[in-house]
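What follows is a short report on a single structure.
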Amino acid sequence: GNLTFSPCGVLCPCPTCTVIGSTVVNFLNYVVSVPDRCAYTLLSESGVELLAVFRDRRRKDFSLLDKVILRLDGPGVNITLGPGLRLQVNHPQPQESGADVLLVGGDHQWITVKGVHSSFWPVEGGSARSTALLSSDVLCEEQFPEPADGTINCTTVTERCELLYEAPFTSCHNLTDPDSFIGACINTLCTYPAVDGLSHCQFLEAYVKACDFQTGDSLEGWRSEVGCSPPRASCQDVLCSDHEFCVEDVSGGTICACRAIFASEYRSTGALGEPTVCDGSSASVTLVGCLLEEKGIDYSELHLNNQSCRGQKDNVSHMVTFGFDVNNTCGMEVEHNNSQMIYKNSISMTTSNSSDIITRHDIFNLDFSCFYQQPDIKTMSFRIKDSSVIQQIVSGPWNYTLTMKTFSDAGRTRAIEPSTELRLQQSVWVELKTDGLDDKLVAVVTDSCWATDLPLANSSLRYDLIVSGCSNTADQTVKVMGNGLGTSNYFSFNMFEFSGKSDVVYLHCKLNLCAKKGNTCAPSCGGKRRRRSARSQYEDGSSAFITMAWTN
1 GNLTFSPCGV
11 LCPCPTCTVI
21 GSTVVNFLNY
31 VVSVPDRCAY
41 TLLSESGVEL
51 LAVFRDRRRK
61 DFSLLDKVIL
71 RLDGPGVNIT
81 LGPGLRLQVN
91 HPQPQESGAD
101 VLLVGGDHQW
111 ITVKGVHSSF
121 WPVEGGSARS
131 TALLSSDVLC
141 EEQFPEPADG
151 TINCTTVTER
161 CELLYEAPFT
171 SCHNLTDPDS
181 FIGACINTLC
191 TYPAVDGLSH
201 CQFLEAYVKA
211 CDFQTGDSLE
221 GWRSEVGCSP
231 PRASCQDVLC
241 SDHEFCVEDV
251 SGGTICACRA
261 IFASEYRSTG
271 ALGEPTVCDG
281 SSASVTLVGC
291 LLEEKGIDYS
301 ELHLNNQSCR
311 GQKDNVSHMV
321 TFGFDVNNTC
331 GMEVEHNNSQ
341 MIYKNSISMT
351 TSNSSDIITR
361 HDIFNLDFSC
371 FYQQPDIKTM
381 SFRIKDSSVI
391 QQIVSGPWNY
401 TLTMKTFSDA
411 GRTRAIEPST
421 ELRLQQSVWV
431 ELKTDGLDDK
441 LVAVVTDSCW
451 ATDLPLANSS
461 LRYDLIVSGC
471 SNTADQTVKV
481 MGNGLGTSNY
491 FSFNMFEFSG
501 KSDVVYLHCK
511 LNLCAKKGNT
521 CAPSCGGKRR
531 RRSARSQYED
541 GSSAFITMAW
551 TN
């Protein structure tokens, strides 16, 4: 006899699989709640595989349908229907596969595959999870517990979902069981708030669509009978990044809101972006675009102190970065306290015309800064061990190295080594040098240097070499050079010892950093001073020798 094919209808009901929210009503009419953010196979047969991918939105512990993927194994084609009805095909010229594919969308997707005799996966537990997609998201099973939403009235939710028991839906009950859809509606809306277009009306619509597939009855006019408005395709062609999803804002427009898991690290501290990045002579801060959009902040209206310095938005991640450096200060300000020198700037919003009597935007102001740590007091002792002292100074995100080194010549080419013997009255040059500071921004000022007979900087026996950035006027052998002009300076003095004490002398120096912007950092050392010859004068048998080394 002849084999005939009949369309789906009362005489030949077609099995359907409906995915809505976090719930799958599978081909066997079982209701399965998806517990994670993985991809699941809905059907697989004859070279065709249909997958549903779930992602978090407003809640960390609850995922919703994010996109569906139709795989055609023969030609190696993936057809993806994602948020905003974006249809993506990964093959430039898809070939005929023998399967008719109908993609119809709204805030959720409808897919009908005709002409394929397939085995229907039950989507229970992890048995139908797609291992092919898990490799791209190995953490999709990780759970993020979250307190229940206290604003949800589950009794009201149940009443609305059970409208499927009433007319006009009763005409579908013979072929399309409403219990599965009612269960899916209650399970979802008693946990996840009815926001962003998700409501009981979507579940009613899903039931009507399943009924239409099975019986051909579209229940025309059902929306007006139960008070459901047609869905709005407001997010069509809106491109959000991977950590965002498209929603309507309070004004009726669309924004890319942050997914809950991604945003949790920022919301837990009230931050709008990443910590400030300080790198040498530059500073930058990156704000999260979706957090700004959720607060109604237009990134294009934000600027630094200099209003010409605007944020740069990444076209893929939608992160917005503001920055300044020594060549483009963007209105940078410099502040000082006892231990730090702070470079700061502010991100603010362009204010409305002063004549405007109303505004619809909150005031936005965000300060960010980098700082240099002022050097601590450095201590060194004359002893044969090392020829220099090096200290790494860490100042939050910026750090630099301070080195104190001694030389026996004015050109500072002959370093004093542990084996070097120094005589009293011999000239010694001490170099204070930094590495890691930008000489366009700061200068190093040697504020004071003094010697003690004990390793304590505040020892009662003290001899000053440098006072307030200038050489001690009582000691004509002390000469200070380059102080406050750059990131290094040096001074010289003639060797001495404390009368009646041991041959160990401890040298202490205190340094400050000086912001060059608007400042003259070189100390003012007025008055002419007598110079005394640095030539050593010794009598036979009266020379004393001392060994020198720099130690912390």
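Taking the UniProt record's numbering, I'd label the letters of the sequence shown as residues 1 to 552. Note that beta-carbon positions come from the ideal geometry of N, C-alpha and C, so glycine has one too.
Residue i versus the options, residue with shortest Cα-Cα distance
| i | options | result |
| --- | --- | --- |
| residue 251 | 209, 211, 266, 296 | 296 |
| residue 472 | 448, 455, 457, 459 | 448 |
| residue 244 | 469, 72, 82, 308 | 82 |
| residue 487 | 363, 24, 375 | 375 |
| residue 226 | 232, 204, 59 | 204 |
| residue 348 | 470, 368, 338 | 368 |
| residue 300 | 49, 311, 510 | 311 |
| residue 214 | 439, 16, 498 | 16 |
| residue 234 | 269, 499, 197 | 197 |
| residue 405 | 159, 32, 259, 507 | 507 |
| residue 331 | 346, 341, 340, 339 | 346 |
| residue 63 | 71, 445, 53 | 53 |
| residue 264 | 438, 291, 314, 242 | 291 |
| residue 242 | 44, 67, 177 | 67 |
| residue 496 | 466, 423, 480 | 423 |
| residue 73 | 438, 47, 468 | 47 |
Helix, strand or coil at residue i according to DSSP, with G and I counted as helix
| i | result |
| --- | --- |
| residue 153 | coil |
| residue 59 | coil |
| residue 71 | strand |
| residue 80 | strand |
| residue 66 | strand |
| residue 285 | strand |
| residue 372 | strand |
| residue 297 | coil |
| residue 474 | coil |
| residue 248 | strand |
| residue 238 | coil |
| residue 16 | coil |
| residue 97 | Reliability of the predicted coordinates at residue 97 is poor, the pLDDT of 33 falling under 50, and the value obtained from them is presented with this limitation in mind. Three-state result, residue 97: coil. |
| residue 256 | strand |
| residue 485 | coil |
| residue 232 | coil |
| residue 402 | strand |
| residue 162 | helix |
| residue 292 | helix |
| residue 306 | coil |
| residue 53 | strand |
| residue 323 | strand |
| residue 328 | coil |
| residue 48 | strand |
| residue 366 | strand |
| residue 273 | strand |
| residue 501 | coil |
| residue 195 | coil |
Residue interval of the alpha helix (DSSP H) (run including residue i)
| i | result |
| --- | --- |
| residue 187 | 178 to 189 |
| residue 39 | Note, residue 39: premise wrong, no alpha helix (DSSP H); beta strand (DSSP E) at 39 to 45. |
| residue 508 | Unbroken run through residue 508 is the beta strand (DSSP E), 506 to 515; no alpha helix (DSSP H). |
| residue 553 | Residue coverage of the chain in this structure runs from 1 to 552, which leaves residue 553 outside it and unanswerable. |
| residue 493 | It is not in any alpha helix (DSSP H) - residue 493 instead sits in the beta strand (DSSP E) that spans 488 to 494. |
| residue 169 | Residue 169 -> no alpha helix (DSSP H), and no H or E assigned at all. |
| residue 213 | 200 to 215 |
| residue 226 | 222 to 226 |
Nearest-angstrom beta carbon gap, residue j and residue i [assumed within contact, 8 angstroms]
| i | j | result |
| --- | --- | --- |
| residue 320 | residue 287 | 5 angstroms |
| residue 38 | residue 140 | 4 angstroms |
| residue 453 | residue 505 | 7 angstroms |
| residue 372 | residue 429 | Not a contact, Cβ separation roughly 26 angstroms. |
| residue 171 | residue 29 | Not confirmed; about 18 angstroms, so no contact. |
| residue 484 | residue 443 | 5 angstroms |
| residue 34 | residue 25 | Wrong, their Cβ atoms sit about 12 angstroms apart, outside the cutoff. |
| residue 184 | residue 20 | 6 angstroms |
Boundaries of the beta strand (DSSP E) in which residue i is found, first to last residue
| i | result |
| --- | --- |
| residue 316 | Careful: residue 316 lies outside any beta strand (DSSP E) and carries neither H nor E. |
| residue 343 | 340 to 349 |
| residue 23 | 23 to 25 |
| residue 33 | 31 to 33 |
| residue 142 | Neither: residue 142 is in no beta strand (DSSP E) and is coded neither H nor E. |
| residue 278 | 277 to 279 |
| residue 335 | 333 to 336 |
List in chain order: all unbroken beta strand (DSSP E) runs of 3+ residues lying wholly within the segment 408 to 466.
-> 421 to 423, 427 to 435, 442 to 452
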